[in-house]
Amino acid sequence: MFHRNASKLRLRPRRWLTTVSEPAIYRRLTDRTHRSAYASMERETTVHRKQNAEIKLKPSIAHMLLWLRRKQERKLCETTLNPQGLPLLFKEAAVTEVILFHILTCLNSGAADEHWLDCQLAQLRFLHSQLQKRKLPRELSPQTLTLENAFDLARALEASILEKQASVIFKSLACMALACPRIRDHRMLVPWIRSLSAPRITEACAELANLTYIPACVTSDILLRTPLSIDEIALQHDLWHTFIEPIAQDSHEKRAYVANIIENLLFYTAQFDPRRLEHFLSFTLSTLTSTRSGFHFKVMTHEFVNALIYLLALTFIKNGSSSLSPMPIIKAQKVLVEFLGHDKLTQKGYVGIALLISHESREKATRLLKITKSHFPDHSDLIHISSIYLSNTPEELLHHFNLAIVQYPHSATMWLMLAKKLQQLQLLTEVRSQKLLSELLARKNDIVISKDIILLLLGPIESINGIEDFIHALEKLGLFVKYQNVVLNKYMALLYRYSDERSVHKPYLDKLIRHSSNIECARFLYQNIKWKTISSIGVMLNGEVNHRPGDLYELYCSELQGNIPDEACLGALLRASTKRADGQPYTWGRLYAPQVAVHEFKKYVLNGKDANAVTILASNKLWQVYIHALRSADYTAELAEIMRWWERSLFIPSRSTLMLLLRALPIEFSERHIKHAHSLPRTSRSWPWPTIEDFKG
32 MFHRNASKLR LRPRRWLTTV SEPAIYRRLT DRTHRSAYAS MERETTVHRK QNAEIKLKPS
92 IAHMLLWLRR KQERKLCETT LNPQGLPLLF KEAAVTEVIL FHILTCLNSG AADEHWLDCQ
152 LAQLRFLHSQ LQKRKLPREL SPQTLTLENA FDLARALEAS ILEKQASVIF KSLACMALAC
212 PRIRDHRMLV PWIRSLSAPR ITEACAELAN LTYIPACVTS DILLRTPLSI DEIALQHDLW
272 HTFIEPIAQD SHEKRAYVAN IIENLLFYTA QFDPRRLEHF LSFTLSTLTS TRSGFHFKVM
332 THEFVNALIY LLALTFIKNG SSSLSPMPII KAQKVLVEFL GHDKLTQKGY VGIALLISHE
392 SREKATRLLK ITKSHFPDHS DLIHISSIYL SNTPEELLHH FNLAIVQYPH SATMWLMLAK
452 KLQQLQLLTE VRSQKLLSEL LARKNDIVIS KDIILLLLGP IESINGIEDF IHALEKLGLF
512 VKYQNVVLNK YMALLYRYSD ERSVHKPYLD KLIRHSSNIE CARFLYQNIK WKTISSIGVM
572 LNGEVNHRPG DLYELYCSEL QGNIPDEACL GALLRASTKR ADGQPYTWGR LYAPQVAVHE
632 FKKYVLNGKD ANAVTILASN KLWQVYIHAL RSADYTAELA EIMRWWERSL FIPSRSTLML
692 LLRALPIEFS ERHIKHAHSL PRTSRSWPWP TIEDFKG
């Protein structure tokens, strides 16, 4: 079925800098949901089948991406289609997805893929024969199709095709004509195919603007993508609010599919814009448990809601830092707990609450863990995970980890919790990080080494030699390509950091660029990133602060191209604004650098309670950079605004951030605020106010 006009989506068609030689659709292979599905498929093949066993795909959009990966890895000769079952009793939505799968894989095939095209033709002929046996829907009028229609569709998509590809597309259109009454013309497929092929969410949404009908498989595909900025997660939320019911109805028989969409949105909302979580979950629960539409949706089961409570905690642990508040995530958990009721909480739900609340109070978390153990005496992997994470000393940590890993040797989460706790205890040094990497690589056939743990282990790498050793360890086992983007981002940051030092021996980089300074190597890495993300732009901007402060705003604009910056980008702009040339601030355009930097900060940082505003929630770290920049420019009026800003946006500063602001303000102003805060009852004070003595000290 097709659903709803898409014109109300917030569409911002922007282009991104790329240095790509392969088709843009290959960018889709970096999406988290695809990577997870492909890893599962590989594991299943390794464990249950012979090496190089033939992989059988289903004609679905998700499996189109698996097909694309198989083609990229030159494994199409070992890839075929599952024997075709009839797509959900010939429902229009199901047949539409099958048709889009066949056309997309066909368009991305070539002369060397004849075996695959033969598989497609055989399956499409079978489907067509079955469709011909049934009575045509009343609203379907017979269409006269020829091979020229296939070539016409390819031309509209700016693709050149061979005769056999045209045959596949023609047979796809013939099936469509027998089962899809709403598709009156094959040209209706063009924007859908362009959306599915678009490299990013922004472009995918732009292709759908002003359409009358959009298949649920196309809208849900966007919801399963990886957003690369806060405005892309905002687009996904717009889409979810508009199409949640049609997607859930069309996926009524595929409960896990809708659950995957919810998990993907939850994961990236927690990462990019946690303020939205509370409303997102309230809206999702109320819609998918309502009987208003006449449907009884079976997604929000007690088991799934408990899993979401746990996922929220795990996501915060993966993404969180000491400068981020857990409060938006805690509020989101509360929505789920209130929906369930305490009597429906499972061990997974309790552990999720305990893990998250430990960031507010370790004592409360420990008490809750004891209650959990009394309710659920089974010592599952979840209990071990929480025991590791709630460890208070290195000895406790080692004890709990050793107990856990003996019982659950294949649990990657145990290793993640170990590394995260070592980081919190300030024990994750470069040497320990390399050692942990070696231990994980030795177990690569038994556990899934995620990007999250690689990012965590990259954190303490502080030297060029260290990052080269890291790369060498991954290369030895053929894993470097899998983590290349995050590893090279770290390498680029280190090269910028040590840009003034003489170049040392760099085995990995020397293969790419020889006899160059560190700064030249950093710029080389940046220019050769296939797809520049907001994150990689932030690394580059921070690296160029000391080298090109006068050009930084121009770089910022040209690289972001109108997309919303992240903390790193804004931080770089603020730091550059404090640089001076002959004692004077730089000018960026017609304004002084501090004026521009402050304007950008105010434009993009949350300045109120509106959870739907497309702005970033600044951490303590970014607020401290902002305060330093204001102090450097003597912007006292802007400094005086900050407390009201925090109150409006419900931001609770850390003790160090609050102290930094108080010391940047005029003394009498700060002392008046401190005295007023201490005159209030303790229960009314949410900020960690110092005493007058501490302030003066």
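Position in the sequence shown (first residue = 1) + 31 = our numbering.
The beta-carbon is built from N, C-alpha and C at its ideal position, and this holds for glycine as well.
Which word fits residue i, buried or exposed, when buried means at least 16 other C-beta atoms lie within 10 angstroms of its C-beta?
i: C248; result: buried
i: V645; result: buried
i: I402; result: exposed
i: T377; result: buried
i: H268; result: buried
i: F303; result: buried
i: H709; result: exposed
i: V535; result: exposed
i: A660; result: buried
i: N433; result: exposed
i: F157; result: exposed
i: A668; result: exposed
i: G574; result: buried
i: W47; result: In this prediction, W47 has a pLDDT of 37, which is less than 50 and means its spatial position is unreliable; what the coordinates show is noted afterwards. Burial call: buried.
i: T250; result: buried
What's the gap between the Cα of residue i and the Cα of residue j?
i: V330; j: S321; result: 12 Å
i: Q364; j: A671; result: 35 Å
i: H406; j: D725; result: 45 Å
i: T273; j: G372; result: 29 Å
i: K404; j: K379; result: 11 Å
i: D541; j: A265; result: 41 Å
i: M571; j: Q161; result: 57 Å
i: S389; j: I416; result: 13 Å
i: D412; j: W446; result: 12 Å
i: L456; j: L399; result: 22 Å
i: Y420; j: L386; result: 7 Å
i: L349; j: K466; result: Note on identity: in this sequence residue 349 is Lys, with Leu being the wrong assignment. Cα to Cα, K349 sits roughly 20 Å from K466.
i: A37; j: R218; result: Here A37 scores only 47 on pLDDT, less than 50, and its place in the model is too uncertain to base an answer on.
i: I245; j: I214; result: 10 Å
i: L155; j: Y299; result: 37 Å
i: Y522; j: I232; result: 28 Å
i: I550; j: R621; result: 29 Å
i: C552; j: D531; result: 12 Å
i: I200; j: T460; result: 56 Å
i: H430; j: P440; result: 15 Å
i: S71; j: S317; result: 32 Å
i: K166; j: I92; result: 27 Å
i: E598; j: W654; result: 10 Å
i: L319; j: E506; result: 46 Å
i: S717; j: I683; result: 7 Å
i: A205; j: E85; result: 29 Å
List the whole-angstrom C-beta distance separating residue i from residue j, where the pair is believed to meet the contact cut-off of C-beta under 8 Å.
i: K537; j: I495; result: 6 Å
i: Y666; j: P712; result: Actually they do not touch by this definition, with Cβ atoms about 34 Å apart.
i: Q196; j: C137; result: 5 Å
i: E234; j: P222; result: No, E234 and P222 are not in contact; Cβ-Cβ is about 11 Å, not under 8 Å.
i: L339; j: L367; result: 6 Å
i: Y635; j: I647; result: 6 Å
i: E590; j: I568; result: 5 Å
i: L343; j: G383; result: 6 Å
i: I705; j: I723; result: 6 Å
i: G730; j: P359; result: Since the first residue shown for the chain is 32 and the last is 728, residue 730 is missing from the structure and cannot be characterised.
Answer yes or no: does any C-beta atom of chain B fall closer than 8 Å to that of residue i?
i: Q454; result: The structure shown has no chain B; it contains just one protein chain.
- Task: Evaluate the contact criterion for the stretch 604 to 613 versus the stretch 576 to 592: three or more CB pairs, one atom per stretch, below 8 Å.
- Result: yes
- Counting only runs that start and end within the stretch 421 to 468, where is the alpha helix (DSSP H) found for 4 or more residues in a row? 425 to 438, 443 to 455
- Message: So, does the stretch 483 to 491 touch the stretch 445 to 457, judging by three or more C-beta pairs under 8 Å?
- Response: yes
- Message: For the pair the stretch 512 to 528 and the stretch 469 to 476, tell me if three or more CB-CB distances fall below 8 Å.
- Response: no
- Counting only runs that start and end within the stretch 166 to 213, where is the alpha helix (DSSP H) found for 4 or more residues in a row? 178 to 187, 194 to 210
- Message: Just to confirm the assignment: which complete alpha helix (DSSP H) runs, minimum length 4, are found wholly within the stretch 565 to 600?
- Response: Counting only runs of 4 or more, we get 565 to 575, 583 to 591.
- Query: Counting pairs of beta carbons, one from the stretch 247 to 261 and one from the stretch 138 to 149, are three or more of them closer than 8 Å?
  - Reply: no
- Message: Would the stretch 92 to 111 count as touching the stretch 129 to 136 if we require 3 or more Cβ pairs under 8 Å?
- Response: yes
- Are the stretch 281 to 297 and the stretch 241 to 256 touching by the rule of at least three beta carbon pairs closer than 8 Å? yes
- Would you mind listing the alpha helix (DSSP H) stretches within the stretch 79 to 159 that are 4+ residues and don't spill past its ends, in chain order? 92 to 103, 123 to 138
- Message: Please give me, in chain order, every unbroken run of the beta strand (DSSP E) with length at least 3 that falls completely inside the stretch 476 to 520.
- Response: none
- Message: Which complete alpha helix (DSSP H) runs does the stretch 664 to 706 hold, if anything under 4 residues is left out?
- Response: 667 to 679, 686 to 695
- Item | Complete runs of the alpha helix (DSSP H) confined to the stretch 317 to 405 [at least 4 residues] | For secondary structure counted as the alpha helix (DSSP H) over 4 or more consecutive residues, the stretch 317 to 405 holds these complete runs in sequence order: 333 to 350, 358 to 371, 378 to 388.
- Item | Secondary structure, beta strand (DSSP E): runs of 3+ residues fully inside the stretch 282 to 321 | none
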